[in-house]
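Chemist: Quick mapping for you: the protein sequence lines, in order, are chains Y and E. Going by the numbering used here, the letters in the first sequence line up with residues 1 to 222, in that order. Going by the numbering used here, the letters in the second sequence line up with residues 1001 to 1215, in that order. Where a beta carbon is used, it is the ideal one built from N, C-alpha and C, also for glycine.
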Amino acid sequence: MMRAFLALLGRDLKLATRIGGSGMLGLVFFLMIVTLVPFALGPDLNLLSRIGPAILWIAAVLATLIGLDRLFQADEEDGSLDLMLSSPLPLELVVIAKVIAHWLTTGAPLALAVPLFGLLVALDFQGMLAMVATLLVGTPALTFIGAMGAALTASIRRGGLILSILVLPLMIPTLIFGVSAANAARGGTVPFATPFLILCALSLVTAIIGTVAASMALRNTE
Amino acid sequence: MHLRVDELGCRRSGRLIFAGLSFDLGPGEALIVTGRNGAGKSTLLALLAGRIAAAGGRIVVEDVGEATLPESLHWIGHRDGLKAALTAGENLAFSRDILGAPALSPRDALSRVGLAHAHELPLAYLSAGQRRRVALARLLVAHRPLWLLDEPTSALDTASQEVLHTLMQEHLTQGGLIIAATHLPLLVTGAKELRIEAAIPAASPDVAGDDGWAA
């Protein structure tokens, strides 16, 4: 069973790095938004550093969303999903393997790229550390929520639009607590731990709900 | 493994595809499913593979231990489940790991279907027939008692059809089961035949439309 799980994880990571894969898509999209904002706002460093965490988080949400529609659809179209459904590996673990692979190619690189992109929005050192931490614990929630939508729209061609409408409202709590944790780290009335722990809780809860909901949706695709 | 199907029916989007299909398949037996285009041959295979729900009847599986029916079959359909960006070897290695019960190595399976040279080639470089043969090589990398083959000879040249014929006979002698939807009834010798006829003639759209007007 472990072997099947690792095989699926390895295959998805391999596909993401091959030609036509979506490995760098999220990161490049993230870079585009974060680079454009300072040009649009002008050289006001105080303003930039004040709204910096919010910009990075919005960019992270959109960058997660951009490649999500292919998460299960690609496998549904070419019949790989049939292969996975006839595997002894439970469908819940299939979902988890695919979500981990997606997070490793989208969420994790975003979090690790923040020290670089943070400079563009004039974040100080402490702000960057807080952004890395909040993105590392917060982006799994985004991927798990997205997996639900991706599973529901797996059999719909051009399902990206419906997917975004379905999952974006569900991502709002993660966005709120992610930004407030990142802001709290730079001073304020709320201690950093309060919103940060809620963000962790959101990731854990969505990991359960997202996995169960996505596998239920996949079982019912025709 | 023993497969018994009783009075199986299927309905998709409200339309009755077929009803009252019954057959019985024991070790070493093959069933050829025939019927005109759109009769529901692929639907029957998808139903057996557990991908769509039956509208009636029942499927009984015996002698497979704890495995469910989808876990004890190979389904080679029109959608072959192969990734164009991966090499033939990588595709088969993935199939072997995800399906469990590993048999031949990907390299040996590829040489059985005459594609030993394609082990390191991305699937995107292969022709339709070669791609089909890679899909068929999946039958060899993992051991499963029941093979569901949907038009297995499509895009295959005569030499490859011969290879497929041999593979199928070998599987049957080892006590395997085969259900193949095909227009070539001579694919396996001594196979049972199941012909899917139109379920109810009145199910055709224009007649249904007439009823609508009458009401």
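Please name the residue, chosen from A133(Y), M2(Y) and I145(Y), that lies closest to L110(Y) on a Cα-to-Cα basis.
Modeler: Here residue 110(Y) corresponds to residue number 110 of the first sequence, with the count starting at 1. Per the Cα distances, A133(Y).
Chemist: Would you grab the beta carbon distance between F142(Y) and T211(Y) for me? Rounded to a whole angstrom, and I think it's under 8 Å.
Modeler: Here the question's residue 142(Y) lines up with position 142 in the first sequence. Here the question's residue 211(Y) lines up with position 211 in the first sequence. It is worth fixing the name first, because residue 142(Y) is Leu in this sequence and not Phe. About 14 Å; that fails the 8 Å criterion.
Chemist: For D75(Y), which beta-bridge partners are listed by DSSP?
Modeler: As a first step, residue 75(Y) is located in the first sequence; it is residue number 75 there, counting from the start. Looking at the DSSP assignment, D75(Y) forms no beta bridge with any residue, so it has no partner.
Chemist: Considering only the beta carbon of each residue, do G67(Y) and S22(Y) sit closer than 8 Å?
Modeler: Start at 1 with the first residue of the first sequence, and residue 67(Y) comes out as number 67. Start at 1 with the first residue of the first sequence, and residue 22(Y) comes out as number 22. Contact: yes.
Chemist: Could you give the first and the last residue of the continuous alpha helix (DSSP H) run that contains F177(Y)?
Modeler: For this step, residue 177(Y) is matched to residue 177 along the first sequence. Note, F177(Y): alpha helix (DSSP H), G160 to A184.
Chemist: Should S155(Y) be flagged as near chain E, meaning a C-beta pair shorter than 8 Å?
Modeler: Position 155 of the first sequence, counting from 1, holds the residue named residue 155(Y). Judged by the 8 Å Cβ criterion, S155(Y) is not in contact with chain E.
Chemist: Compare the beta carbon distance of F39(Y) and L62(Y) with 8 Å and say whether it is the shorter of the two.
Modeler: Here residue 39(Y) corresponds to residue number 39 of the first sequence, with the count starting at 1. Here residue 62(Y) corresponds to residue number 62 of the first sequence, with the count starting at 1. Their beta carbons are not under 8 Å apart, which means F39(Y) does not touch L62(Y) by this criterion.
Chemist: Can you name, in chain order, every residue of its own chain whose Cβ lies under 7 Å from the Cβ of R1096(E), other than the five neighbours on each side?
Modeler: The residue given as residue 1096(E) occupies position 96 in the second sequence. Only P1102, P1106, V1141 and A1142 meet the Cβ criterion.
Chemist: Is it a yes or a no for the region 91–98 of chain Y touching the region 4–16 of chain Y, going by three-plus beta-carbon pairs under 8 Å?
Modeler: With a cut-off of 8 Å, the region 4–16 of chain Y and the region 91–98 of chain Y count as touching, because enough Cβ pairs lie within range.
Chemist: For A1180(E), which of helix, strand or coil comes out of DSSP?
Modeler: Walking along the second sequence from the start, residue 1180(E) turns up at place 180. Three-state result, A1180(E): strand.
Chemist: Have a look at A1046(E), V1061(E) and G1050(E) and flag the residue whose alpha-carbon is nearest the alpha-carbon of D1006(E).
Modeler: Start at 1 with the first residue of the second sequence, and residue 1006(E) comes out as number 6. Among A1046(E), V1061(E) and G1050(E), the Cα nearest to that of D1006(E) belongs to V1061(E).
Chemist: Between which two residues does the beta strand (DSSP E) harbouring F1023(E) extend?
Modeler: Position 23 of the second sequence holds residue 1023(E). It spans R1015 to L1025 - the beta strand (DSSP E) in which F1023(E) sits, taken as one unbroken run.
Chemist: Any C-beta of chain E within less than 8 Å: which residues of the region 83–112 of chain Y qualify?
Modeler: Answer in chain order: L83, M84, L85, S86, S87, P88 and L89.
Chemist: Hey, would you say R1144(E) sits closer than 8 Å to S1072(E), going by beta carbons?
Modeler: Taking the second sequence and counting its residues from 1, one reaches residue 1144(E) at position 144. Taking the second sequence and counting its residues from 1, one reaches residue 1072(E) at position 72. For R1144(E) and S1072(E), yes; Cβs fall inside 8 Å.
Chemist: Give me the subset of the region 1049–1061 of chain E whose CB atoms are less than 8 Å from a CB atom of chain Y, sorted by chain position.
Modeler: The region 1049–1061 of chain E vs chain Y, Cβ under 8 Å: A1049, G1050, R1051 and I1052.
Chemist: Note down, in chain order, all residues in the region 1135–1153 of chain E with a beta-carbon under 7 Å from any beta-carbon belonging to chain Y.
Modeler: Residues passing the 7 Å Cβ filter: none.
Chemist: Examine the Cβ distances between the region 1013–1022 of chain E and the region 1034–1048 of chain E and report whether three or more of them are shorter than 8 Å.
Modeler: Taking 8 Å as the limit for Cβ pairs, the verdict is that the region 1034–1048 of chain E does touch the region 1013–1022 of chain E.
Chemist: Which residues in chain E have a C-beta closer than 7 Å to the C-beta of I19(Y)? List them in chain order.
Modeler: Taking the first sequence and counting its residues from 1, one reaches residue 19(Y) at position 19. Neighbours of I19(Y) on chain E, chain order: A1085.
Chemist: Might you give, ordered along the chain, the residues of its own chain that have their beta carbon closer than 8 Å to the beta carbon of P1205(E), omitting 5 neighbours on each side?
Modeler: Within the second sequence, the letter at position 205 stands for residue 1205(E). In this predicted model, P1205(E) has a pLDDT of only 47, less than 50, meaning its place in the structure is not dependable enough to derive any value.
Chemist: So, for S215(Y): in the same chain, excluding its five sequence neighbours on each side, which residues have a beta-carbon less than 6 Å away from its beta-carbon?
Modeler: The residue you call residue 215(Y) lines up with position 215 of the first sequence. The answer, listed in chain order, is L91, E92 and V95.
Chemist: Within 10 Å of its beta-carbon, does G1056(E) have 16 or more other beta-carbons around it, so buried, or fewer, so exposed?
Modeler: Working through the second sequence from its first residue, we reach residue 1056(E) at position 56. Exposed, because fewer than 16 other Cβ atoms sit within 10 Å of the Cβ of G1056(E).
Chemist: Under the rule that 16 or more other beta-carbon atoms within 10 Å means buried, what is R3(Y), buried or exposed?
Modeler: The sequence position of residue 3(Y) within the first sequence is 3, counting from 1. Answer is exposed; the Cβ neighbour count stays below 16.
Chemist: So is E1197(E) buried or exposed if we call it buried at 16+ other beta carbons inside 10 Å?
Modeler: Mapped onto the second sequence, residue 1197(E) falls at position 197. Exposed, because fewer than 16 other Cβ atoms sit within 10 Å of the Cβ of E1197(E).
Chemist: Rounded to whole angstroms, how far is the Cβ of I1178(E) from the Cβ of L1149(E), which I believe are closer than 8 Å?
Modeler: In the second sequence, counting from the first residue as 1, residue 1178(E) sits at position 178. In the second sequence, counting from the first residue as 1, residue 1149(E) sits at position 149. At roughly 7 Å, the Cβ-Cβ gap stays under 8 Å, so I1178(E) and L1149(E) are in contact.
Chemist: Taking the Cβ atom as the reference point for each residue, do F1023(E) and L1172(E) lie within a distance shorter than 8 Å?
Modeler: As a first step, residue 1023(E) is located in the second sequence; it is residue number 23 there, counting from the start. As a first step, residue 1172(E) is located in the second sequence; it is residue number 172 there, counting from the start. No, Cβ-Cβ distance for F1023(E) and L1172(E) is not below 8 Å.
Chemist: Pull up the distance between the alpha-carbon of A1202(E) and that of T106(Y), whole angstroms please.
Modeler: Residue numbering aside, residue 1202(E) sits at position 202 when the second sequence is read from its first letter. Residue numbering aside, residue 106(Y) sits at position 106 when the first sequence is read from its first letter. Its pLDDT being 47, under 50, A1202(E) is placed unreliably in this model, and the value from its coordinates should be taken loosely. Rounded to the nearest angstrom, the two C-alpha atoms are 53 Å apart.
Chemist: In chain Y, what lies closer than 8 Å to P1070(E) by C-beta?
Modeler: Within the second sequence, residue 1070(E) is the residue found at index 70, counting from 1. Near P1070(E) (Cβ distances below 8 Å), the residues of chain Y are L85 and S86.
Chemist: What are the residues in the region 135–159 of chain Y lying within 9 Å of chain E by C-beta distance?
Modeler: Flagged: no residues at all.
Chemist: Does DSSP classify H1171(E) as helix, strand or coil?
Modeler: Stepping through the second sequence from its first residue, residue 1171(E) is reached at position 171. Three-state result, H1171(E): helix.
Chemist: Would you identify the three-state DSSP class for D1206(E), choosing helix, strand or coil?
Modeler: One-based indexing of the second sequence puts residue 1206(E) at position 206. At D1206(E) the pLDDT is 46, less than 50, meaning the model places this residue with poor confidence and gives no usable figure here.
Chemist: Please classify V121(Y): is it buried, with 16 or more other beta-carbons within 10 angstroms of its beta-carbon, or exposed?
Modeler: Reading the first sequence from its first residue, position 121 is the one you call residue 121(Y). V121(Y) comes out buried.
Chemist: Under the rule that 16 or more other beta-carbon atoms within 10 Å means buried, what is M32(Y), buried or exposed?
Modeler: Position 32 of the first sequence, counted from the start, is the residue given in the question as residue 32(Y). So M32(Y) counts as exposed.
Chemist: Going along chain E, which residues have a C-beta under 9 Å from D78(Y)?
Modeler: Reading the first sequence from its first residue, position 78 is the one you call residue 78(Y). By Cβ distance, chain E contributes R1079, D1080, G1081, L1082, K1083 and A1084.
Chemist: Identify the continuous alpha helix (DSSP H) that holds R1131(E) and give its terminal residues.
Modeler: The residue labelled residue 1131(E) in the question sits at position 131 within the second sequence. A1128 to V1141 is the extent of the alpha helix (DSSP H) around R1131(E).
Chemist: First and last residue of the alpha helix (DSSP H) that includes K1083(E)?
Modeler: Numbered from 1 along the second sequence, position 83 holds the residue referred to as residue 1083(E). K1083(E) -> no alpha helix (DSSP H), and no H or E assigned at all.
Chemist: The beta strand (DSSP E) spanning H1119(E) covers which residue range?
Modeler: Along the second sequence, read from residue 1 onward, the residue named residue 1119(E) stands at position 119. Unbroken run through H1119(E): none, as it is neither H nor E.
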